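Participant: If you're matching them up, the sequences are chains F and A in order.
FYI, the numbering for the first sequence is 115 to 310, going by the numbering used here.
FYI, the numbering for the second sequence is 115 to 310, going by the numbering used here.
All C-beta atoms in this analysis are idealised placements derived from N, C-alpha and C, irrespective of residue type, glycine included.
Model, not experiment: these values are computed from the prediction.
Number of protein chains: 2
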Amino acid sequence: MAKIQSGKNVTKKETIIQKAAYLFKTKGYSATSMRELANTLGVEAPSLYNYIGSKSELIQAICSKVMSEFTINLDAIENNSETAISKLEAIVRFHIQKMLNNFDEVFVANHEWKHLKEPLLSTFLNQRRSYEKRLMILIENGVEKNEVRPINPYVAVLTILSAVRGLEFWYGHKKNVTQLELENEMVNHLLNGIIK
Amino acid sequence: MAKIQSGKNVTKKETIIQKAAYLFKTKGYSATSMRELANTLGVEAPSLYNYIGSKSELIQAICSKVMSEFTINLDAIENNSETAISKLEAIVRFHIQKMLNNFDEVFVANHEWKHLKEPLLSTFLNQRRSYEKRLMILIENGVEKNEVRPINPYVAVLTILSAVRGLEFWYGHKKNVTQLELENEMVNHLLNGIIK
DNA sequence: CCTACCGATCGGTAGG
DNA sequence: CCTACCGATCGGTAGG
Numbered sequence: 115m116a117k118i119q120s121g122k123n124v125t126k127k128e129t130i131i132q133k134a135a136y137l138f139k140t141k142g143y144s145a146t147s148m149r150e151l152a153n154t155l156g157v158e159a160p161s162l163y164n165y166i167g168s169k170s171e172l173i174q175a176i177c178s179k180v181m182s183e184f185t186i187n188l189d190a191i192e193n194n195s196e197t198a199i200s201k202l203e204a205i206v207r208f209h210i211q212k213m214l215n216n217f218d219e220v221f222v223a224n225h226e227w228k229h230l231k232e233p234l235l236s237t238f239l240n241q242r243r244s245y246e247k248r249l250m251i252l253i254e255n256g257v258e259k260n261e262v263r264p265i266n267p268y269v270a271v272l273t274i275l276s277a278v279r280g281l282e283f284w285y286g287h288k289k290n291v292t293q294l295e296l297e298n299e300m301v302n303h304l305l306n307g308i309i310k
Numbered sequence: 115m116a117k118i119q120s121g122k123n124v125t126k127k128e129t130i131i132q133k134a135a136y137l138f139k140t141k142g143y144s145a146t147s148m149r150e151l152a153n154t155l156g157v158e159a160p161s162l163y164n165y166i167g168s169k170s171e172l173i174q175a176i177c178s179k180v181m182s183e184f185t186i187n188l189d190a191i192e193n194n195s196e197t198a199i200s201k202l203e204a205i206v207r208f209h210i211q212k213m214l215n216n217f218d219e220v221f222v223a224n225h226e227w228k229h230l231k232e233p234l235l236s237t238f239l240n241q242r243r244s245y246e247k248r249l250m251i252l253i254e255n256g257v258e259k260n261e262v263r264p265i266n267p268y269v270a271v272l273t274i275l276s277a278v279r280g281l282e283f284w285y286g287h288k289k290n291v292t293q294l295e296l297e298n299e300m301v302n303h304l305l306n307g308i309i310k
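1. Within its chain, find whatever has a CB closer than 8 Å to the CB of alanine 277(F); leave out the 5 residues flanking it on each side and keep chain order.
2. Tell me which same chain residues have a C-beta within less than 8 Å of the C-beta of lysine 201(A), skipping the five on either side of it?
3. What's the gap between the Cα of valine 262(F) and the Cα of lysine 310(A)?
4. Among Phe283(F), Lys127(F) and Ile118(F), which one has its Cα closest to the Cα of isoleucine 173(F)?
5. How is isoleucine 309(A) classed by DSSP in three states: helix, strand or coil?
6. What is the DSSP secondary structure of valine 124(A), reduced to helix, strand or coil?
7. Can you list the alpha helix (DSSP H) stretches of 4 or more residues lying completely in the segment 225-289 of chain F, in chain order?
8. Closer than 8 Å, CB to CB, is isoleucine 251(A) near chain F or not?
9. DSSP three-state call for valine 180(A): helix, strand or coil?
10. Given this structure, state the Cα-to-Cα distance separating alanine 393(A) from leucine 214(A), to the nearest angstrom.
11. So what does DSSP say about alanine 145(A), is it helix, strand or coil?
12. Can you name the residues of chain F whose CB is closer than 7 Å to the CB of threonine 197(A)?
13. Looking at the secondary structure, which residues open and close the alpha helix (DSSP H) in which isoleucine 210(A) lies?
14. Compute the beta-carbon to beta-carbon distance between threonine 125(F) and leucine 137(F), rounded to the nearest angstrom, for a pair I have assumed lies under 8 Å.
15. If you drop the 5 nearest sequence neighbours on each side, which residues of the same chain put their C-beta closer than 7 Å to that of tyrosine 268(A)?
16. For alanine 152(A), which of Ile199(A), Ile166(A) and Lys139(A) has the nearest alpha-carbon?
17. Could you tell me the alpha carbon to alpha carbon distance between glutamate 176(A) and asparagine 298(A), rounded to whole angstroms?
18. Can you give me, in chain order, the residues of the segment 269-282 of chain A that have a beta carbon less than 9 Å from any beta carbon in chain F?
19. Is glutamate 226(F) near valine 180(F), with beta carbons less than 8 Å apart?
20. How far does the alpha helix (DSSP H) with alanine 116(A) in it reach, from first residue to last?
21. Taking arginine 279(F) as the reference, which of Leu294(F), Asn266(F) and Ile210(F) has the closest Cα?
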């Protein structure tokens, strides 16, 4: 009779979610079976249902956790930083750090959200749209205060978020660049461009 | 007895692949069943197998088509453009155009390649790495010729490709910006930055 | 192009 | 935490 291992301060449910994030990232949500998840944890599939309600609940937990972490960070940055550029820089750095430190979960939230069931799918998309909207306002403020060139705020937000998200290709790469250098390079590129 | 509709110059197999690209984009490869694909085309599932060999063949066709189109374009740009910056600009514009004009296929190649079977998975990943490598060399040349600030070529390639790929969020959006304006904004952002 | 059907696998439940 | 098992659905084949 095997048992699900879980460290201190981590419930078995959280352990299951963690493993699920890894598998969803690697194989995709639909291609990951509950049997495979169970075997990875060293138990039989039905045993999982003592801790969780359904497969769908797993991706739901992952997506809403990631979303709330980004939102909470944005709350803090909006209040603490001074210039629009310094706020943008702080946001880019947070995205990079989150991407590298919580890779599986962020990846799954980015790629597999479409498998959320209503009404959670709508909630997720609304939160994401609201997050983008707040970034747009931040850029608009920068333009007004003459810190930022007169650009289309939506295109700029899209460009920045997408570039940062692209670190999923970086992850696992041979690193002749430290995380700090990576942050600096990317912040620099997105804010200053590359033309000499 | 229904029939698969296909226009002139388009085989039924191509029609099937097109619809498959739409469904794979919308629901993901694993969550798309051959029955659903068949019904979308107005036939029963077994009828598809008169034109294709397997479900796997569909995603294979999509991914390899997209990959070869990008490679062919890069061949042309490497030979025709002059400065490193003008080459980069042409590449960014091509990516944007491809993304907007062949959205389903490009999206699927970007998101669902992991469901390719070996040895095609390896082939795909090798081609992608080779494409990135060529872009890195292009940037390195730009640095040498003093056109481009001394940046890490890989981070720059990652930033540019990821930003452009993020147009998948743009697609279908209400467009108070034309495609040309979008191209110009994004090229400008990625090459010149946003700081005034 | 269809009907009929295959073995495999899915998410999940019953009951202990 | 397990065994035993459910109905549903999967990709694909046989045969016409």
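Facilitator: Here's the rundown:
1. Counted from its first residue, the first sequence places residue 277(F) at position 163. Only Met300, His303 and Leu304 meet the Cβ criterion.
2. Counting from 1 along the second sequence, the entry for residue 201(A) is found at position 87. Closer than 8 Å at the Cβ level, and outside the excluded window around lysine 201(A), lie Ile191, Glu192, Ser195 and Leu252.
3. Working through the first sequence from its first residue, we reach residue 262(F) at position 148. Working through the second sequence from its first residue, we reach residue 310(A) at position 196. Their backbone Cα atoms lie some 5 Å apart in a straight line.
4. Within the first sequence, residue 173(F) is the residue found at index 59, counting from 1. Out of Phe283(F), Lys127(F) and Ile118(F), Lys127(F) has the C-alpha closest to the C-alpha of isoleucine 173(F).
5. Here residue 309(A) refers to the residue found at position 195 when the second sequence is read from its first residue. Three-state DSSP puts isoleucine 309(A) in a strand.
6. Against the second sequence, residue 124(A) aligns to sequence position 10. Reduced to three states, the DSSP call for valine 124(A) is coil.
7. 234-258 and 267-279
8. Taking the first residue of the second sequence as position 1, residue 251(A) is located at position 137. False, the Cβ-Cβ gap to chain F never drops below 8 Å.
9. In the second sequence, residue 180(A) corresponds to position 66, counting from 1. Helix at valine 180(A).
10. It is not possible to answer for residue 393(A), since the shown part of chain A is limited to 115 through 310.
11. Position 31 of the second sequence, counting from 1, holds the residue named residue 145(A). Of the three classes helix, strand and coil, the one that applies to alanine 145(A) here is coil, per DSSP.
12. Walking along the second sequence from the start, residue 197(A) turns up at place 83. What threonine 197(A) touches in chain F: nothing, since even the nearest Cβ is about 10 Å away.
13. Within the second sequence, numbered from 1, the residue matching residue 210(A) stands at position 96. Segment 198-215, the alpha helix (DSSP H) holding isoleucine 210(A).
14. In the first sequence, counting from the first residue as 1, residue 125(F) sits at position 11. In the first sequence, counting from the first residue as 1, residue 137(F) sits at position 23. That belief does not hold up - the Cβ atoms of threonine 125(F) and leucine 137(F) are roughly 19 Å apart, past 8 Å.
15. Indexing the second sequence from 1 puts residue 268(A) at position 154. Met250.
16. Along the second sequence, one-based indexing puts residue 152(A) at 38. Among Ile199(A), Ile166(A) and Lys139(A), the Cα nearest to that of alanine 152(A) belongs to Ile166(A).
17. The residue you call residue 176(A) lines up with position 62 of the second sequence. The residue you call residue 298(A) lines up with position 184 of the second sequence. According to the sequence shown, residue 176(A) is isoleucine rather than glutamate. Distance between the alpha carbons of isoleucine 176(A) and asparagine 298(A): 29 Å.
18. Val269, Ala270, Leu272, Thr273, Ile274, Leu275, Ser276, Ala277, Val278, Arg279, Gly280, Leu281 and Glu282
19. In the first sequence, counting from the first residue as 1, residue 226(F) sits at position 112. In the first sequence, counting from the first residue as 1, residue 180(F) sits at position 66. No, the pair does not count as a contact, with Cβ atoms beyond the cut-off.
20. Numbered from its first residue, the second sequence carries residue 116(A) at position 2. Here alanine 116(A) belongs to no alpha helix (DSSP H), and DSSP marks it neither H nor E.
21. Translated into positions along the first sequence, residue 279(F) becomes position 165. That would be Ile210(F), whose Cα lies nearest to the Cα of arginine 279(F).
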